[in-house]
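Q: Sharing a structure here in structure tokens format.
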Amino acid sequence: MSWYQRNKWWMVRVMRLPVDVFVFATLAFFLIRLLPGDPVSVALATINQPKTPELEHNLRIQMGLDGSVWDQLLRFWGNLLHGSLGTSLDTHLPVTREVLDRLPATIEIIMLGLGGAFVVTMVLGFLYIRFANEGLRRFIRLTTGFATSVPVFVVAIFGILVFYVILGWLPAPLGRVASGQSLPLVTGFPLLDEVLTGNFADLGQTLLRYVLPVGAMILTYTPNLLTQFVGGLDRELAQTATRFQVAAGASRQWIYFSVMRRSVSSVVVIFGLFFGSLIGGAVTIESLFGFGGLGQLGIRAVSTADFPTLQGFMIIIVVFCLVMFVAVDLVNMWLDPRRRPGVSSEES
Amino acid sequence: MAETHVSAVLLPRARAARTHFPWGGAAAAFLPLIVIVLVAVLAPLIAPHDPEKTVADTRLAPSGEFWFGTDSVGMDVFSRVVFGARIAVRFGITVAVCATAIGILVGTFIGLSERSRGIQSALGGALNRVSDYIVAIPDIILAIVVVGIMGASDLSLLIAIVLTLVQAPIKLTRMEVLRVRNEAYLEAAELGGESRARAAFVHVIPNSIGPAMRNMPLIFGNCVIILASLGFIGVGVNAPTPEWGYMISSGLSDLMLGEWWETVFPAVFVFLSVLGIAYSSRAIPRVWPRIAAAFSTPSKKRKNLA
Amino acid sequence: MAIDRMSVCYVTDDGTVPAVSDVSFRLSTSERLAIVGESGSGKSTLALALAGLLPRHVAEISCESARIGGRPVDLRADKSVIPRRREGVSMIFQDAMTSLDPVASISHQFRTVLKAGSGLGRAEARRAALNWTEKVGIHEPERVLRLRPYELSGGMRQRVMIALALCSAPKALIADEPTSALDASVSRKVMDLVLGLTQELGTALIMITHDVDLAREYTDRTLVLYRGEVQDLCATAELMSPERSSYTQALMRCVPRLGDHALDVLPTLTTSSLPVLETVP
Amino acid sequence: MSQEAFTLRLAGVRKDFGHRRRRITAVQPIELEVRSDSRLGVIGESGSGKSTLARMIVGLEKPTAGTIEFNGRPVVDWLSSRTGRLEYRRRVQYVAQDTSSSFDPRQTLFEAVATPLRFLCGVTDPHEVRSRLRRIADELALDPAMFGRRPHQLSGGQRQRFSLARALVVEPRLLICDEVVSALDVSVQGTVLNLIKSYVSRHGMGLVFVAHGLPAVSFISSELIVMKRGAVVERGNVAEVLAAPSHPYTRELLSAYSGPDPVSLEAAR
């Protein structure tokens with residue numbers, strides 16, 4: 004097999020991404036325009052000025068809503084090719100910059116929360132198959148009973164109540180660092196920036212302030228991932244493959260590893276799906292802890308009826324979700340080569 | 085028999101159906117849902133005060149008169165929390181019914197048009213792709229955008245939430261339809277002279293709506309979550325309406341000062357109702373076959389030839 | 251191998267369900283035993299219990315005494331979630347595709363078995379794996395070892411499975427319906443291979459099957475199970491003799507045979523002489 | 055009861071699966087004739103195209119080339135109109151191997167068996183439906199009380215007998231059986247085979263019996279075709295083929311069943 008043939012599976016998948024992005028952006032364009040209601044009139048309602056036809060016309064041009072739908076689409080496509088999604092009505096900055104400036108901080112907290120949940124899931128899953136202790140197994144099953152997305156901000160509020168209001172162990176939920184200080188800006192990822200600039204005092208502070216939001220995310224999302232994992236483990240344990248491994252005398256470590264590896268792909272899929280829903284969850288967490296990331300931008304855009312920002316905001320977030328889906332697919336194809344495109348198992 | 089036993093036992097959730105009618109199990113499964121709906125329906129009877137009026141001093145701690153205390157404008161937190169259930173249930177039921185109905189219809193259409201030819205197939209394929217992309221939009225983000233464009237109103241909230249939550253029943257129904265399409269009984273129906281349309285309505289749809297129907301309580305729960313999250317970030321139901329998420333966020337600054345009741349009680353209610361609904365949505369499918377079996381027994385006797 | 255009065259009960263929510271009761275048999279080196287029965291007769295359960303594949307939360311096993319390779323063993327199921335292997339007993343299953351780890355390469359699967367079993371090093375394990383793949387009649391063993399199960403044909407998978415089961419040199423090999431998914435002519439080839447290898451290694455063979463013809467062709471003795479109880483244990487050649495139990499006789503009559511086209515009616519298992527067969531539990 | 059004669063003729067029928075690059079010929083061009091008194095056995099290993107052949111005859115698959123004619127009229131033609139389809143289905147019925155999914159789990163067996171009667175024979179009078187069902191239950195030795203059950207409440211053998219009832223209730227002229235006993239236990243196989251054989255000979259109807267087990271086929275049919283990789287490698291009278299097989303594959307098949315047969319059937323009784 005040539006190099007190309009061996010590596011075709013992931014290249015094909017990665018190449019599809021730009022197409023997906025383009026199709027989605029177009030879909031979002033139509034979706035937004037198909038909604039009942041007119042963004043221009045919503046925006047007019049928020050502006051305290053006499054409503055003249057001129058004002059309305061100007062607004063329409065600023066929003067890119069003038070002309071026929073096809074004109075708009077052509078203009079939208081043209082801008083998209085230049086990487087431009089319009090200008091914010093509120094700050095008059097390019098929407099892409101507005102969103103991209105805030106995205107790293109949001110992604111950082113999501114990765115910490117979701118990554119933590121993933122690690123906890125793996126550990127509990129291993130304990131689940133390693134030890135026959137009924138109490139432990141029942142505890143793990145019980146945890147999966149809570150598998151529901153109790154809103155993450157509700158969990159965080161209980162955390163604040165206990166650890167800040169009552170016990171006073173953790174700092175107030177008012178930003179990433181103590182008030183009055185500002186964050187260095189290198190890559191946009193706060194923790195990374197603090198490491199890069201050698202600002203270790205701030206790093207400690209930030210880490211301390213991350214305990215509650217990240218803990219709330221782990222608490223909220225672990226049961227969901229664990230449900231998938233334990234379900235997969237139960238299923239794989241009952242499989243003939245596992246029985247045969249035992250019967251043929253494979254080593255214990257290998258059996259544990261093999262069972263976990265075969266069960267993990269559904270967890271990875273859920274991980275990818277949650278990544279998306281967690282951007283939503285992060286919006287609430289950010290607003291609760293005063294972190295000011297994407298959440299702040301979205302709320303501001305709604306309150307000022309900032310149409311271009313809303314449109315760009317959604318498209319960029321979904322592009323990140325699509326990237327995440329590609330990553331999930333690639334990880335799963337790597338874990339299980341049968342999922343690679345063009346592989347079909349021979350019928351016996 | 086041996087094989088069935090092994091799989092039945094190794095998979096912990098598959099259990100042997102009991103023969104007697106499971107009143108206890110059914111009641112336990114439905115209880116959380118029933119309690120929530122009852123609180124919502126009977127809210128005017130339960131709540132001692134008007135939820136949207138100032139009835140006392142601001143920020144009173146919980147007492148005999150005001151069980152959950154009063155908030156920053158002197159409204160009774162208990163009454164507001166109880167009426168909050170009303171908003172949640174009203175939205176939840178509307179969304180669950182709409183999303184499931186639409187989802188089943190669209191899902192069946194997509195499932196049946198796959199592998200067929202012509203315009204129907206193209207349309208079904210396009211719908212399927214669109215639904216794939218909408219799944220990629222985080223639910224709260226989609227709601228924010230819809231509300232931002234349409235302006236804040238109950239209708240825009242409803243559209244936003246249905247748009248995100250309808251995707252699950254679409255996918256579930258489609259999967260089932262694709263499975264049912266391959267079942268041998270459809271061939272048998274064709275050989276028995278049944279027309280395609282009749283087979284679709286008599287065999288395909290009844291055999292494929294199960295997962296979507298079982299998903300309904302889950303949609304209810306998710307709707308409560310999204311509604312509360314939107315209220316919390318200030319994009320949801322308008323101000324004085326007693327909505328849990330909004331109540332939580334408006335009490336936050338007081339929470340930091342130790343006046344916890346305004347935030348914590350609605351949070352507890354969100355927590356309990358979401359958990360309760362999740363419990364029901366998991367427990368109902370488990371008891372459902374037994375309930376169905378218990379009800380189908382008489383018809384079995386009636387149809388007997390002997 | 252000697253088993254005395256072994257019983258297996260499945261543990262369910264509603265109490266235990268007996269699956270196999272009071273089975274006793276002896277098996278000497280290189281002997282071949284067939285366990286014949288219809289579906290639901292408990293033959294697969296018996297096999298799983300013998301191989302130690304029923305964890306304690308699934309089944310209760312009781313046994314008066316059991317010896318494998320002269321040493322007494324405790325047949326009771328292991329407590330861990332993944333059952334522990336019964337020393338000296340290997341097992342192969344009907345479907346090779348689902349039996350092999352779908353995502354690990356063949357060489358890896360050999361290595362895990364060989365390392366655990368005989369503590370071989372990496373290079374030695376590889377040599378042994380090559381040796382074994384050749385032994386089961388696979389050409390180009392080098393290439394096949396690099397592949398994963400889904401890249402093999404059905405016949406190759408079956409061979410790999412047999413090699414994997416035998417490469418730890420077990421004292422007994424249990425074959426659970428090894429060929430019922432295969433066509434008559436292919437299944438003969440597979441059975442010939444299994445037979446040849448077990449004879450060569452001096453491994454006892456226990457074959458679970460519902461195919462009486464196959465049993466007659468490849469085994470010395472037959473144990474007939476019906477609803478978890480032993481109906482007969484005799485030399486396979488004597489299955490047709492009139493001294494056998496009424497169930498065995500009825501079962502033997504049911505097997506359609508070439509030349510039956512001369513008959514008007516096939517003999518059937520009449521429900522009057524036996525407990526009802528067609529009941530769904 | 056009509057004893058009308060029929061002829062089913064396959065001329066150059068071929069079936070391919072897949073598209074351009076991965077095209078597999080499931081059935082090589084085949085010539086075949088089935089008459090109202092034929093009892094044709096089709097035998098071959100899995101993947102030999104025997105099931106595809108059966109499915110083409112009933113019209114569940116369309117042949118890639120060649121024609122299948124029933125009473126001189128192409129099957130495609132029969133199936134193109136509603137009335138033609140109903141008439142063809144009334145004459146040619148099919149029973150498949152799969153017993154677990156051949157009945158809609160939501161319907162009682164009564165409804166399942168009555169449906170073809172309603173649609174194909176136009177029997178709508180509930181009284182008449184009942185009497186026809188009782189008659190078929192009688193003929194296939196089914197307990198009429200079981201009509202009230204749902205498919206999952208039956209064992210595999212019982213379900214297969216009900217699929218037979220569903221196919222035979224319309225009194226077809228030709229019955230196609232596709233591996234009807236291969237999923238059943240030996241003890242139940244005999245029952246089903248006997249039912250088919252006795253019913254077919256009693257009603258003087260045609261039978262195409264597809265299976266991979268030589269004994270079952272040789273018991274039930276009078277003529278035999280052997281298929282391998284989509285091609286017919288041997289055909290003829292059952293007794294003749296068994297006595298003197300000409301193709302090596304047939305010999306191989308036969309040898310698989312000629313293990314030591316120490317006691318004759320008479321002695322076993």
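Residue numbers (the working numbering), protein chains in the order written: chain A, 4 to 351; chain B, 85 to 390; chain C, 251 to 531; chain D, 55 to 323. The beta-carbon is built from N, C-alpha and C at its ideal position, and this holds for glycine as well.
Taking Arg-283/D as the reference, give the member of Val-88/D, Gly-98/D, Arg-63/D, Arg-93/D with the closest Cα.
A: Per the Cα distances, Gly-98/D.
Q: Return yes when the Cβ of Leu-174/D is within less than 8 Å of the Cβ of Arg-143/D, no when it is not.
A: In contact: Arg-143/D and Leu-174/D (Cβ atoms closer than 8 Å).
Q: To which residues does DSSP link Cys-231/D through a beta bridge?
A: The partner list for Cys-231/D (beta bridge, DSSP) reads Val-149/D, Phe-263/D.
Q: Ignore the nearest five residues each way along the sequence and tell me which others in Ile-318/A's own chain have a CB closer than 8 Å to its CB.
A: For Ile-318/A, where only same-chain residues beyond five positions count, the Cβ hits under 8 Å are Phe-27, Ala-28, Ala-31, Leu-88.
Q: Count the other CB atoms, across all protein chains shown, that sit within 10 Å of the CB of Lys-255/B; report buried if there are 16 or more and exposed otherwise.
A: Label assigned to Lys-255/B: buried.
Q: Should Leu-172/A be labelled buried (16 or more other beta-carbon atoms within 10 Å of its own) or exposed?
A: Sequence inspection shows Trp at residue 172/A; the Leu mentioned does not correspond to that position. Classification of Trp-172/A: exposed, given that the 10 Å Cβ count is below 16.
Q: Look up Met-457/C in the DSSP assignment and give the residues it is bridged to.
A: Paired residue(s): Ala-284/C, Ala-425/C.
Q: In whole angstroms, what separates the C-alpha of Leu-236/A from that of Met-263/A?
A: Their Cα atoms are separated by approximately 7 Å.
Q: What in chain C is Cβ-close to Gln-242/A, meaning under 8 Å?
A: Thr-348, listed in chain order.
Q: Under 7 Å, CB to CB, which of the residues in the region 280–295 of chain B have a partner in chain D?
A: Hits within the stretch, in order: His-287, Pro-290, Asn-291.
Q: Helix, strand or coil: which one does DSSP assign to Phe-124/D?
A: In the structure shown, Phe-124/D sits in a strand (DSSP, three-state: E or B).
Q: Can you give the beta carbon distance from Asp-239/D to Ser-278/C, rounded, assuming they're within the 8 Å contact cut?
A: Not really, about 31 Å apart at Cβ, beyond 8 Å.
Q: Taking the beta carbon of Ile-84/D as the centre, do at least 16 other beta carbons fall within 10 Å, making it buried, or is it exposed?
A: Counting Cβ neighbours within 10 Å, Ile-84/D comes out buried, since at least 16 surround it.
Q: Rounding to the nearest angstrom, what Cα-Cα distance links Val-270/C and Glu-467/C in this structure?
A: So the two alpha carbons sit approximately 26 Å from each other.
Q: Within 10 Å of its beta-carbon, does Met-490/C have 16 or more other beta-carbons around it, so buried, or fewer, so exposed?
A: When all chains shown are included, Met-490/C counts as buried.
Q: Please return the same chain residues whose Cβ sits closer than 6 Å to the Cβ of Gly-319/C, not counting the five positions on each side in sequence.
A: The residues are Gly-338, Lys-421.
Q: With a Cβ-Cβ cutoff of 8 Å, do Val-177/D and Arg-186/D count as a contact?
A: Yes, the Cβ-Cβ distance between Val-177/D and Arg-186/D is below 8 Å.
Q: Counting Cβ pairs closer than 8 Å, one from the region 206–220 of chain D and one from the region 146–157 of chain D, do we hit at least three?
A: The region 206–220 of chain D vs the region 146–157 of chain D: in contact.
Q: Taking the beta carbon of Leu-77/A as the centre, do at least 16 other beta carbons fall within 10 Å, making it buried, or is it exposed?
A: Its Cβ having fewer than 16 others within 10 Å, Leu-77/A is exposed.
Q: In this structure, how does DSSP classify Lys-385/C when only helix, strand and coil are distinguished?
A: Helix, per DSSP.
Q: Could you work out which residues of chain A lie near Arg-398/C, taking near to mean beta carbons separated by less than 7 Å?
A: Neighbours of Arg-398/C on chain A, chain order: Pro-340.
Q: With DSSP run on the structure shown, which of helix, strand or coil describes Leu-473/C?
A: Correct three-state label for Leu-473/C: strand.
Q: Pairing CB atoms from the region 265–281 of chain A with CB atoms from the region 377–392 of chain C, are three or more of them under 8 Å?
A: No, because fewer than three Cβ pairs between the region 265–281 of chain A and the region 377–392 of chain C fall closer than 8 Å, the two stretches do not touch.
Q: Find the residues of chain D that neighbour Ser-289/C, judging by a C-beta separation of less than 7 Å, and give them in chain order.
A: The answer, in chain order, is Asp-239.
Q: Which same chain residues, not among the five before or five after Ser-522/C, have their C-beta less than 6 Å away from its C-beta?
A: Interpretation of Ser-522/C is limited by its pLDDT of 40, a score under 50 that renders its predicted location unreliable; the figure taken from the coordinates is listed afterwards. Cβ neighbours of Ser-522/C beyond the five flanking positions: none.
Q: Can you find a C-beta in chain C that's less than 8 Å from the C-beta of Trp-12/A?
A: It does not; no Cβ of chain C falls within 8 Å.
Q: Is the CB of Leu-130/A under 8 Å away from at least one CB in chain B?
A: Chain B, which has no Cβ nearer than 8 Å to the Cβ of Leu-130/A, makes this no.
Q: Let's test the definition: count the other Cβ atoms within 10 Å of the Cβ of Gln-8/A and tell me whether it reaches 16, buried, or not, exposed.
A: With fewer than 16 other Cβ atoms within 10 Å, it is exposed.
Q: According to DSSP, is Arg-82/D part of a helix, a strand, or is it coil?
A: Checking the displayed sequence, the identity of residue 82/D turns out to be Gln instead of Arg. The answer is strand: DSSP assigns Gln-82/D an E or B state.
Q: How far does the alpha helix (DSSP H) with Lys-69/D in it reach, from first residue to last?
A: Premise fails: Lys-69/D lies in the beta strand (DSSP E), 61–71, not in any alpha helix (DSSP H).
Q: Give me the DSSP bridge partner(s) of Gly-290/D.
A: Paired residues: Leu-278/D.
Q: Can you check whether the CB of Ala-272/B is closer than 8 Å to the CB of Arg-220/D?
A: Closer than 8 Å, so yes.
Q: With a threshold of 8 Å, are at least 3 pairs of Cβ atoms found where one atom belongs to the region 341–358 of chain B and the other to the region 156–176 of chain A?
A: A contact exists between the region 341–358 of chain B and the region 156–176 of chain A.
Q: Below 8 Å CB to CB, which residues in the same chain sit around Gly-66/D once its five sequence neighbours on both sides are set aside?
A: Counting only Cβ-Cβ distances below 8 Å, and skipping sequence neighbours, we find Pro-83, Ile-84, Glu-85, Ala-119, Gly-120, Thr-121.
Q: Can you name the residues of chain B whose CB is closer than 7 Å to the CB of Ser-155/D?
A: In chain order: Glu-267, Ala-268, Tyr-269.
Q: Can you tell me whether Val-177/D is helix, strand or coil according to DSSP?
A: Here Val-177/D sits in coil by DSSP.
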